[in-house]
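Notes for the one structure printed next.
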Amino acid sequence: MKEIRVRSSERCQMIPITADLQAVVAESGVSEGVLFAQSLHTTGALTINENADPDVVHDLLAKLQRLAPPDEPFYRHAEGNSDSHLKTSAFGPSLCVLVSDGRLVLGTWQGVFFCEFDGPRERRVAVQIFRAE
Amino acid sequence: MKEIRVRSSERCQMIPITADLQAVVAESGVSEGVLFAQSLHTTGALTINENADPDVVHDLLAKLQRLAPPDEPFYRHAEGNSDSHLKTSAFGPSLCVLVSDGRLVLGTWQGVFFCEFDGPRERRVAVQIFRAE
Amino acid sequence: MKEIRVRSSERCQMIPITADLQAVVAESGVSEGVLFAQSLHTTGALTINENADPDVVHDLLAKLQRLAPPDEPFYRHAEGNSDSHLKTSAFGPSLCVLVSDGRLVLGTWQGVFFCEFDGPRERRVAVQIFRAE
Chain L
1 MKEIRVRSSE RCQMIPITAD LQAVVAESGV SEGVLFAQSL HTTGALTINE
51 NADPDVVHDL LAKLQRLAPP DEPFYRHAEG NSDSHLKTSA FGPSLCVLVS
101 DGRLVLGTWQ GVFFCEFDGP RERRVAVQIF RAE
Chain U
1001 MKEIRVRSSE RCQMIPITAD LQAVVAESGV SEGVLFAQSL HTTGALTINE
1051 NADPDVVHDL LAKLQRLAPP DEPFYRHAEG NSDSHLKTSA FGPSLCVLVS
1101 DGRLVLGTWQ GVFFCEFDGP RERRVAVQIF RAE
Chain P
2001 MKEIRVRSSE RCQMIPITAD LQAVVAESGV SEGVLFAQSL HTTGALTINE
2051 NADPDVVHDL LAKLQRLAPP DEPFYRHAEG NSDSHLKTSA FGPSLCVLVS
2101 DGRLVLGTWQ GVFFCEFDGP RERRVAVQIF RAE
């Protein structure tokens, strides 16, 4: 198991980690297989989405903010981050990405992101890679 | 493949299954690897989230209820659980959790939950574990 | 790694791909294991949900359309598909499905779907299968 570190600077932020994961793939020597990544936090998720036009990430986060704002009159959790927990389960805490020819298999516009939903914080992502037969 | 059983007592409920999954890991003898879990139901999901303050789960379910209430004038499905199906795909039907030192790799506050969205029911979760090289 | 092709005919559409994935399992000869599938697109996801009553899929898509309509005054991305990107991360770009007795492990009502959120388009899904010990 490997671990990568991510530092966020905003409350909600999608941080590209494709290069970090690709480095773990290269180090592993695996040519064909699958990479598994898992956020070790309950207010930070992992996803694959567009890493070309930064307006896509802006729009994702702006819409999420409106669907799930931090304050709701019925929230009981005292830390003020119940929305962050919801967003984390919606986007998902773990992710699998295929590996082929020694590289992450990603479509033209795809990149892997750590999704910070309660930053700024220092975050950890655990990574494991399996070799296909 | 192993299977664990979960019994829910509410329509919407997040039930901790970390200990059940950890027992499957222990039985497998796998020290380093990845566990895969899959809900065998279309109205029950799996996620990782906070298993410390129960207000977090309360807030998650309360917000989901408001975002996707059971009744919508445009719903056609006669069983009255269209919201349950949506929540299941949003949270996700399957999950991977890393294993290291013979234990599920989970951050300080993380626990694995079966998410019941149309209970109360008896539910099944299929589990498979792979050993890393 | 294998790849399957999916052709959508609507902007938002859930297309059953269980049979395509089952064909990859059969070809692999794997009896016990896990299948990993990954959408190679940033506006198309994968999920498991009910593949019996088509009203379920209707209701899922109708509710998603209301939660995240294509037009929002705050959207900056010029392609008019910011909602598609959000839906993709909410449902998830990749998926694991257990395999047992040479078949995908699916509950009575479960089917695997490619979720088109910005069609009609020709889409690609990458697939890898691992054999359990």
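Residue numbers (this note's numbering), protein chains in the order written: chain L, 1 to 133; chain U, 1001 to 1133; chain P, 2001 to 2133. Every residue gets a Cβ at the ideal spot worked out from N, C-alpha and C, and that includes glycine. Quantities reported herein were computed from a predicted structural model and do not represent experimental measurements.
Sufficient close CB pairs (3 or more, under 8 angstroms) joining the stretch 1031–1050 of chain U to the stretch 1092–1101 of chain U: Touching, yes, given that three or more Cβ pairs across the two stretches are closer than 8 angstroms.
Alpha helix (DSSP H) runs wholly inside the stretch 9–51 of chain L, at least 4 long, in chain order: 18–28, all fully within the stretch 9–51 of chain L.
Cα-Cα separation between G92 (chain L) and S2100 (chain P), rounded to whole angstroms: To locate residue 92 (chain L), count along the first sequence from 1; it is residue 92. To locate residue 2100 (chain P), count along the third sequence from 1; it is residue 100. Answer to the nearest angstrom: the Cα atoms are 25 angstroms apart.
P69 (chain L) versus R2103 (chain P): straight-line alpha-carbon distance, rounded: Within the first sequence, numbered from 1, the residue matching residue 69 (chain L) stands at position 69. Within the third sequence, numbered from 1, the residue matching residue 2103 (chain P) stands at position 103. The alpha-carbon of P69 (chain L) is positioned some 43 angstroms away from that of R2103 (chain P).
Three-state secondary structure assigned by DSSP to V1006 (chain U): Sequence index remark: in the second sequence, residue 1006 (chain U) carries index 6 (1-based). If DSSP states are grouped into helix, strand and coil, V1006 (chain U) belongs with the strands.
Residues bridged to V1127 (chain U) (per DSSP): Taking the first residue of the second sequence as position 1, residue 1127 (chain U) is located at position 127. Per DSSP, U:K1002 and U:A1037.
Q2013 (chain P) versus Q2128 (chain P) - alpha carbon distance: Translated into the one-based positions of the third sequence, residue 2013 (chain P) becomes position 13. Translated into the one-based positions of the third sequence, residue 2128 (chain P) becomes position 128. In a straight line, the C-alpha of Q2013 (chain P) is about 24 angstroms away from that of Q2128 (chain P).
Interface positions of the stretch 2093–2105 of chain P facing chain U (Cβ-Cβ less than 8 angstroms), listed along the chain: Closer than 8 angstroms at the C-beta level to chain U, one finds these residues of the stretch 2093–2105 of chain P: L2095, C2096, V2097, L2098, S2100 and V2105.
Rounded straight-line distance, which links the Cα of L1021 (chain U) to that of S1031 (chain U): Along the second sequence, read from residue 1 onward, the residue named residue 1031 (chain U) stands at position 31. Along the second sequence, read from residue 1 onward, the residue named residue 1021 (chain U) stands at position 21. When rounded, the distance between both Cα atoms is 14 angstroms.
C-beta neighbour in chain U for Q128 (chain L), strict 7 angstroms: Within the first sequence, numbered from 1, the residue matching residue 128 (chain L) stands at position 128. Yes - at least one Cβ of chain U is within 7 angstroms of the one on Q128 (chain L).
CB of F114 (chain L) within 7 angstroms of CB of I17 (chain L), strictly: Residue 114 (chain L) sits at position 114 when you count from the first residue of the first sequence. Residue 17 (chain L) sits at position 17 when you count from the first residue of the first sequence. Yes, these two residues count as a Cβ contact at 7 angstroms.
Neighbour list for L67 (chain L) in chain U, Cβ cutoff strictly below 8 angstroms: In the first sequence, the residue the question calls residue 67 (chain L) occupies position 67. Within chain U, the residues near L67 (chain L) are L1067.
Within chain P, partners of M1001 (chain U) - CB distance below 8 angstroms: Against the second sequence, residue 1001 (chain U) aligns to sequence position 1. Ordered by position in chain P, the residues that pass the 8 angstroms Cβ test against M1001 (chain U) are E2032, L2098, S2100, V2105 and A2132.
Straight-line gap, A2062 (chain P) to P73 (chain L) (C-alpha atoms, nearest Å): In the third sequence, the residue the question calls residue 2062 (chain P) occupies position 62. In the first sequence, the residue the question calls residue 73 (chain L) occupies position 73. Those two C-alpha atoms are separated by around 28 angstroms.
Residue of L:E79, L:A126 and L:T43 minimising C-alpha distance to S8 (chain L): Stepping through the first sequence from its first residue, residue 8 (chain L) is reached at position 8. Taking only the C-alpha atoms, the option nearest S8 (chain L) is L:T43.
Chain-ordered chain U contacts of R76 (chain L) [CB-CB under 7 angstroms]: Within the first sequence, numbered from 1, the residue matching residue 76 (chain L) stands at position 76. Here the neighbours are D1055, H1058 and D1059.
Best match in P:N2049, P:T2088 and P:K2002 for proximity to Q110 (chain L) [C-alpha to C-alpha]: Your numbering for residue 110 (chain L) matches position 110 in the first sequence. Each of P:N2049, P:T2088 and P:K2002 was checked against the Cα of Q110 (chain L), and the nearest Cα belongs to P:T2088.
Own chain, CB closer than 7 angstroms to S2028 (chain P), minus 5 neighbours either side, in chain order: Translated into positions along the third sequence, residue 2028 (chain P) becomes position 28. Answer for S2028 (chain P): I2129, listed in chain order.
Residue environment, R2206 (chain P), which counts as buried when at least 16 other CB atoms sit within 10 Å: Summary: the structure shown does not reach residue 2206 (chain P), with chain P confined to residues 2001 through 2133, and so no result is reported for it.
Residue burial classification, D83 (chain L) (beta-carbon count within 10 angstroms, cutoff 16): Numbered from 1 along the first sequence, position 83 holds the residue referred to as residue 83 (chain L). Under this definition D83 (chain L) is a buried residue.
Coarse secondary structure for F91 (chain L), derived from DSSP in three states: Here residue 91 (chain L) is taken as the residue at index 91 of the first sequence, counted from 1. F91 (chain L): helix per DSSP, three-state reduction.
C-alpha gap between A1126 (chain U) and D1059 (chain U), whole angstroms: Within the second sequence, the letter at position 126 stands for residue 1126 (chain U). Within the second sequence, the letter at position 59 stands for residue 1059 (chain U). Rounded to whole angstroms, A1126 (chain U) to D1059 (chain U) spans 28 angstroms at the Cα level.
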